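Peer 1: Numbering (this note's numbering), first residue to last: 13 to 228. Quick one: structure below, then a few questions.
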């Protein structure tokens, strides 16, 4: 299975906060935001896809997507996610409302296509971060990532009334870079050799959008 990823790994924020000064900095900036869990019947409808809340029944599929080599190489956290870790993530983050995570579904035949999430909600500054990972075999060349991004944009700014939406992208992840730019995310910083991943230094791009930036 070929997969694609955009963003940084869900569920590992506090590990980075403990292990590197950069991630302690991000932990303090993003802080915590009091959010309610997504209602289990809540659906975000698009033209070709829809987003539904993640459930425990999705565990095997989500782990297969998330642990695919093509996804791992584009995330900042490179270790394999276990079923136990994912269960803890659901119970402590998703089902408490600290993370809003959805499964991306094909509207034509209800095929699962990937997952998208909002996390690191910052109540004081009214912002959050988003990321996604896709089943590339089922989505490549279909514009699914862009449609997902547009749906999450509407959800973040219109439903949750956020002021700002962030993403962090490895500079070599060209599909994700193009997607962020197409959606209207301005590049706010380009950090050279910011991360040492698997023995190589990686550049990191920080994107941040306000509602009015869409499509610019």
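Glycine is no exception: its CB is placed at the ideal position from the N, C-alpha and C atoms. It should be emphasised that the depicted structure is a prediction, and the values quoted were computed from it without experimental measurement.
Span of the alpha helix (DSSP H) holding residue 76?
Peer 2: Working through the chain shown from its first residue, we reach residue 76 at position 64. Taken as a continuous stretch (DSSP letters only), the alpha helix (DSSP H) holding residue 76 covers 71-78.
Peer 1: Which same chain residues end up closer than 6 angstroms to residue 41 when comparing Cβ atoms and leaving out the 5 residues on each side of it in sequence?
Peer 2: Reading the chain shown from its first residue, position 29 is the one you call residue 41. With a pLDDT of 38 at residue 41, under the threshold of 50, the modelled position of this residue cannot be trusted, and the question is left open.
Peer 1: Of the residues 167, 152, 140, 85, which one's Cα is nearest the Cα of residue 62?
Peer 2: Here residue 62 corresponds to residue number 50 of the chain shown, with the count starting at 1. When only C-alpha atoms are compared, the closest one is 167.
Peer 1: Using 8 angstroms for Cβ pairs, my map puts residue 127 next to residue 165. What's the rounded Cβ distance?
Peer 2: Here residue 127 corresponds to residue number 115 of the chain shown, with the count starting at 1. Here residue 165 corresponds to residue number 153 of the chain shown, with the count starting at 1. Incorrect: roughly 17 angstroms between the Cβ atoms, too far for contact.
Peer 1: Do residue 88 and residue 112 have their C-beta atoms closer together than 8 angstroms?
Peer 2: Taking the first residue of the chain shown as position 1, residue 88 is located at position 76. Taking the first residue of the chain shown as position 1, residue 112 is located at position 100. No. Outside cutoff.
Peer 1: Less than 8 angstroms between the C-beta atoms of residue 203 and residue 216, yes or no?
Peer 2: One-based indexing of the chain shown puts residue 203 at position 191. One-based indexing of the chain shown puts residue 216 at position 204. Cβ distance < 8 angstroms, so residue 203 and residue 216 count as in contact.
Peer 1: When the distance is taken between beta carbons, is residue 210 closer than 8 angstroms to residue 64?
Peer 2: If you number the chain shown from 1, residue 64 lands on position 52. If you number the chain shown from 1, residue 210 lands on position 198. No; because the gap between Cβ atoms is not below 8 angstroms, this pair is not in contact.
Peer 1: Quick check: what's the CA-CA separation for residue 144 versus residue 173?
Peer 2: Along the chain shown, read from residue 1 onward, the residue named residue 144 stands at position 132. Along the chain shown, read from residue 1 onward, the residue named residue 173 stands at position 161. So the alpha carbons of these two residues sit roughly 20 angstroms apart.
Peer 1: Looking at the unbroken beta strand (DSSP E) that takes in residue 66, where does it start and where does it end?
Peer 2: If you number the chain shown from 1, residue 66 lands on position 54. Unbroken run through residue 66: none, as it is neither H nor E.
Peer 1: Buried or exposed, going by whether 16 or more other CB atoms sit within 10 Å of the CB of residue 80?
Peer 2: Residue 80 sits at position 68 when you count from the first residue of the chain shown. That one is buried.
Peer 1: Check each candidate in 150, 107, 97, 201 and name the one with the smallest Cα separation from residue 119.
Peer 2: For this step, residue 119 is matched to residue 107 along the chain shown. Residue 119 has its Cα closest to that of 150, out of 150, 107, 97, 201.
Peer 1: Just curious, the beta strand (DSSP E) that residue 184 is in, first and last residue?
Peer 2: Along the chain shown, read from residue 1 onward, the residue named residue 184 stands at position 172. Per DSSP, residue 184 belongs to no beta strand (DSSP E) and is neither H nor E.
Peer 1: Indicate whether residue 219 and residue 199 have their beta-carbon atoms separated by less than 8 angstroms.
Peer 2: Taking the chain shown and counting its residues from 1, one reaches residue 219 at position 207. Taking the chain shown and counting its residues from 1, one reaches residue 199 at position 187. In this structure, residue 199 lies closer than 8 angstroms to residue 219 by Cβ.
Peer 1: Hey, out of 73, 67, 60, 95, whose CA is closest to residue 49's CA?
Peer 2: As a first step, residue 49 is located in the chain shown; it is residue number 37 there, counting from the start. Nearest C-alpha to residue 49: 67.
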